[in-house]
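Student: Just so you know, my numbering puts 291 at position 291 of the sequence shown, and the rest follows in order with no gaps. For every residue, glycine included, the Cβ atom is placed at its ideal position computed from N, Cα and C.
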Amino acid sequence: MDLDTTTGKKPANKMKKLLTILLKILAAIVIVIVVFIAIVFVVDKISSKSEAGRIKPYGQSVTVDGKNMNVLIQGQGAETVVLLPGLGTGTPALDFKPLVEELSPFYKVVVIEPFGYGLSDITEKERSTENIVSEIHEALQILKIDRYILMGHSISGIYALDYVNKYENEVSAFVGIDSSVPRQYGDKVVESPIPSSVITLLKESGLGRLIMKLSADPYAALPVDDETKEQMRILSYKNFRNPTIVSEIENRSPNFKAAENLTFPKNLPVIFFLQPNSAAIEGWSTLHEEQVKDSVYGKVMTFEGTHYLHHTHSKEIAENFRAFIEEVKQDSR
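#1: In this structure, how does DSSP classify N320 when only helix, strand and coil are distinguished?
#2: Rounded to whole angstroms, what is the Cα-Cα separation between E168 and A38?
#3: Mapping DSSP to helix, strand and coil, what is S314?
#4: So within the region 260-301, which uninterrupted beta strand (DSSP E) runs reach at least 3 residues, ignoring any that extend past its ends?
#5: How long is the line joining the alpha carbons of E102 and A78, rounded to whole angstroms?
#6: Here's a check: name, in chain order, each residue in its chain whose Cβ is nearer than 7 Å to the Cβ of E327, leaving out the five neighbours to either side.
#7: Quick one: is V71 near chain B, going by C-beta distance under 8 Å?
#8: Suppose the cutoff is 6 Å on Cβ atoms and the five residues either side in sequence are ignored; what does the same chain contact list for I325 look like?
#9: What's the C-alpha gap between Y237 and I122?
#10: Would you list, in sequence order, the uninterrupted beta strand (DSSP E) runs of no fewer than 3 residues that lie entirely inside the region 37-69?
#11: Spatial neighbours of N239 within its chain, please: CB distance less than 6 Å, with the 5 preceding and 5 following residues excluded, ordered by chain position.
#12: By the 10 Å Cβ neighbour count, where 16 or more other Cβ atoms means buried, how is R333 classified, buried or exposed?
#13: Roughly how many angstroms separate the alpha carbons of W284 and I158, rounded to a whole number?
#14: Per DSSP, I122 is paired with what?
#15: Identify the residues that DSSP records as bridge partners of L84: which are they?
#16: Counting Cβ pairs, one atom from each stretch, are 3 or more of them under 8 Å apart for the region 108-118 and the region 92-99?
#17: With distances taken from CA atoms, which of L87, T312, D65, I132 is nearest V224?
#18: Cα separation between D162 and Y58?
#19: Can you give me the Cβ contacts of L3 inside the same chain, cut-off strictly under 6 Å, excluding the 5 residues immediately before and after it?
#20: Counting Cβ pairs closer than 8 Å, one from the region 61-73 and one from the region 125-143, do we hit at least three?
#21: Quick test of your reading: L214 and V40, contact by CB under 8 Å. State the CB separation rounded to the nearest angstrom.
#22: Who does F174 pair with in a DSSP beta bridge?
#23: V270 to I249, Cα distance in whole Å?
#24: Enumerate, from N- to C-terminal direction, the unbroken alpha helix (DSSP H) stretches of 4 or more residues contained entirely within the region 186-238.
#25: Counting only the same chain and skipping the five closest in sequence on each side, list residues whose C-beta sits under 8 Å from that of A259.
#26: Helix, strand or coil for Q184, going by three-state DSSP, please let me know.
#27: Rounded to whole angstroms, what's the CA-CA distance from L268 to H153? Just pull it up for me.
#28: Whose CA, out of L99, G88, D178, I136, lies closest to the CA of G116?
#29: In terms of DSSP beta bridges, what is K108 paired with?
#30: How many angstroms separate the CA atom of Q231 from the CA atom of G53?
#31: So, helix, strand or coil for E304, using DSSP?
#32: Which residues mark the beginning and the end of the alpha helix (DSSP H) in which K169 is found?
#33: Who are the Cβ neighbours of K16 in its own chain at under 6 Å, not counting the five residues just before and after it?
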């Protein structure tokens, strides 16, 4: 049998030894990965349990469709403003806090936390516009709130189109805060860049928490106290991609499609507060101007900022909103 002339050993033995070393290295890497994931998983479960005990209740609970929906009410004004959140907002009542504080001296402000949001229960019911709108309306009916101004952020602009047409006699005006419009994506199918199954896996494994910890703190610059920021972090992770939110994400395309032929009633006062341009959507301001072109009272205002204008421009939003409503009242006399 041939031998390696430089070592006098069989080549097969050399290859076998090399393969053994490679397998040991591979096994060590696998063990490290498994141990790492196990540690992340355990830390996540311990942290979640600890955080659950640190959640501080706020608002009040109303029973809608047999489940608890959380609602925050602040202010004693004669007119009522109902605030609706953007998609996936972890804790709407706290997210809207700067704006609520600007509005509540003049209005009764009601922040709805739909199912899956804030302190509200999750639900297995499909997150269609019809179901979401019906649940919000039922909550307001239970609270005996039957005349109000609807103010919505982001995707609530889509739900609001359905809402104001169904309950036209209840809604006295609509205010959009960088709110979505039906044709903003053109003919594209609205999809999440990361599949829901992957997001769910990240959440369940604890890797989602690690990613959030390593990412920039989205609440660091908010004009709220540290305790509120901490509650926002806890509730945002608790509600991050829960089954109800996942259902809402999966229903985005049909919900946008269903709103394509809807318009705001001609006599309904409508004002939009927008960032001038959206990096993701071309002609952002123009799309909103198109929505109010036939309105008797329609207005579009822009502020330099991000999608969350109510974090950075709550004072300007409140002041211009009040001026707009006063204008409408003067013209109606």
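Tutor: Taking the geometry as given:
#1: helix
#2: 54 Å
#3: helix
#4: 270-274
#5: 16 Å
#6: none
#7: Checking the listed chains, one finds no chain B in this structure; it contains a single protein chain.
#8: none
#9: 14 Å
#10: 60-64
#11: G90
#12: exposed
#13: 15 Å
#14: DSSP lists no partner for I122.
#15: G152
#16: yes
#17: T312
#18: 29 Å
#19: With a pLDDT of 48 at L3, under the threshold of 50, the modelled position of this residue cannot be trusted; read the value that follows with caution. There are no such residues.
#20: yes
#21: That belief does not hold up - the Cβ atoms of L214 and V40 are roughly 12 Å apart, past 8 Å.
#22: L150, V270
#23: 26 Å
#24: 196-205, 207-214
#25: T129, I158, L161, D162, P182
#26: coil
#27: 18 Å
#28: G88
#29: T80
#30: 11 Å
#31: coil
#32: The amino acid occupying residue 169 in the given sequence is Asn; Lys does not appear at that position. Careful: N169 lies outside any alpha helix (DSSP H) and carries neither H nor E.
#33: none
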